[in-house]
Amino acid sequence: MIRGVGIDIVSLERFRKTYRKHGKRLLEAVFCQSEWNLAAESLGARFAAKEAVIKALGRPDIPMRCICIDSPAAEARIRCVAVEGRVLVSISHERDVAVAVAIWEA
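Put into structure tokens, the structure is as follows:
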């Protein structure tokens with residue numbers, strides 16, 4: 005049974021500017037260590053996926069760094085809080101934008 009759906013879109017140019025400005029602080033605040041070596045475009049896409057997961061779960065209190073996205077089409081790994089069921093994500097990015105959708109199944 006689907007319990008929630010979330011979607012998010014990110015301007016990759018805006019994300020690149022934020023990444024250049026904040027660098028390691030952004031990585032530590034938002035991403036799992038396994039995601040740190042990704043290119044800015046892939047990080048932007050994963051940022052969108054984390055936002056989509058938060059929306060699908062209806063849990064704005066979950067820190068983004070607790071959500072790990074291992075590949076563009078995968079099940080999100082959620083640490084720090086218990087989540088019943090699973091959250092599936094799909095990510096896509098093009099030159100200027102990234103989009104992600106998350107579906108929470110229970």
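Numbers in the working numbering are just positions in the sequence shown, counted from 1, shifted up by 4.
Idealized CB from N, CA, C, for every residue including glycine.
Simplified DSSP state of residue i, which is helix, strand or coil
i	result
Cys84	coil
Reference residue i; option with closest CA among the options
i	options	result
Leu61	Ile73, Ser96 and Ile107	Ile107
Lys54	Thr22, Val87, Asp100 and Asp12	Asp12
Separation of residue j from residue i, as counted between CA atoms
i	j	result
Glu45	Glu98	9 Å
Glu17	Arg50	15 Å
Val87	Ser38	21 Å
Lys25	Phe19	10 Å
Cβ-based neighbour list, residue i, same chain, cut-off 6 Å, excluding 5 preceding and 5 following
i	result
Phe35	none
Beta-carbon spacing of residue i, residue j below 9 Å
i	j	result
Val85	Cys72	no
Nonlocal neighbours in the same chain, by C-beta distance under 8 Å from residue i, ignoring five residues either side
i	result
Lys115	Because the chain in this structure spans residues 5 to 110, residue 115 falls outside the shown range and cannot be described.
Beta-carbon proximity list for residue i, same chain, < 7 Å, skipping 5 on both sides
i	result
Leu30	Thr22 and Tyr23
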